Amino acid sequence: MKILAFKNYLAFIKNSIGSTAYRNILVNMNGQEFDIAMDGKRSCAYFVSSALRSFGLCADIHATVTGAEKDLLNNGWEEVPEPVLGAVLIWERKKQGEMESLHMGFYMGNQTAISNDWEKNSPMEHHYTYDHTRRIIKVLWHARLSADWVI
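Here's what the structure looks like:
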């Protein structure tokens, strides 16, 4: 029997749609507990890095796009010119609600992506450029995604 790692990776991402598992990142700061993910409003890096960590494609789970991107680049991910099925996308900094931030998710083919939706507080599928309203600034790819590998 052979585990189809890439197909399982894509299925894991697709099956995350609507999940509430990535809503909270609780921290203790100066004796007070905070949810820095704001009940899922700021969970994109947590979602992406958790999925990648599950498949051994990054070293740690992250709360920020900047931290996740640094981890990916230090662990074999490379920037490529165009979105490829399963690639990680990083979108430009944009205001969402009262905060402005970068955003990240996965390219799923056919001009679709899955990323955390700050209004629905969970991963959702959407057009990969948000119907041409948000520019992709980086596309990251790992060579292990090109072939089956052992999970």
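According to my numbering, the sequence shown is numbered sequentially starting from 2.
All residues carry an ideal CB built from backbone N, CA and C; glycine is no exception.
Since this is a predicted model, take the numbers as computed values, not measurements.
Between which residues of its own chain and residue i is the CB-CB distance below 6 Å, once the five residues before and five after are set aside?
i      : result
TRP119 : LYS42 and GLN97
CYS153 : The structure shown has nothing for residue 153, since the chain only spans 2 to 152.
Taking DSSP as the reference, what is the three-state secondary structure of residue i?
i      : result
GLY14  : For clarity, residue 14 is Ile in the given sequence; the question names Gly instead. The answer is helix: DSSP assigns ILE14 an H, G or I state.
GLU93  : strand
ASN29  : strand
LEU103 : strand
LEU146 : helix
LYS8   : helix
ALA46  : helix
Per DSSP, which one or two residues make a beta bridge with residue i?
i      : result
ALA114 : TYR108 and HIS127
ASN37  : Note that residue 37 is Ile in the sequence shown, not Asn. Looking at the DSSP assignment, ILE37 forms no beta bridge with any residue, so it has no partner.
LEU86  : None, per the DSSP bridge assignment.
MET139 : According to the sequence as given, residue 139 is Lys; it is not Met. Bridge partners of LYS139: ILE91.
Would you tell me roughly how many angstroms separate the C-alpha atoms of residue i and residue j, rounded to the nearest one?
i      : j      : result
ARG145 : ILE138 : 22 Å
ILE18  : PHE35  : 25 Å
LEU73  : ASN31  : 30 Å
GLY87  : TRP142 : 8 Å
ASP7   : VAL85  : The sequence as given places Phe at residue 7; Asp does not occur at that position. If I take the Cα positions, the gap works out to 13 Å.
SER123 : TYR131 : 16 Å
GLY68  : TRP92  : 15 Å
LYS71  : GLU80  : 12 Å
ARG24  : LYS3   : 33 Å
MET105 : CYS59  : 15 Å
ARG136 : MET39  : 24 Å
GLU101 : ASN111 : 28 Å
From the beta carbon of residue i, is the nearest beta carbon of chain C less than 8 Å away?
i     : result
ARG54 : No chain C is part of this structure, which consists of one protein chain only.
Excluding five sequence neighbours on each side, which residues of the same chain lie with their C-beta closer than 7 Å to the C-beta of residue i?
i     : result
LEU53 : CYS59
ILE26 : ASP36, ILE37, ALA38, TYR47 and ALA64
Taking 8 Å as the limit between beta carbons, can you name the residues of its chain near residue i, skipping five residues before and five after?
i      : result
PHE107 : ILE14, VAL49, ALA52, GLY87, ALA88, VAL89, LEU90, ALA114, ILE115 and SER116
LEU125 : Per the sequence shown, the amino acid found at residue 125 is Met instead of Leu. Once the five neighbours on either side are set aside, the close Cβ partners of MET125 are ILE18, GLY19, ILE115, SER116, ASN117 and ASP118.
Report the residue ranges of all alpha helix (DSSP H) runs contained in full by the segment 48 to 80; include only those spanning at least 4 residues, in chain order.
Counting only unbroken stretches of 4 or more residues, the alpha helix (DSSP H) elements lying wholly within the segment 48 to 80 are 66 to 75, in sequence order.
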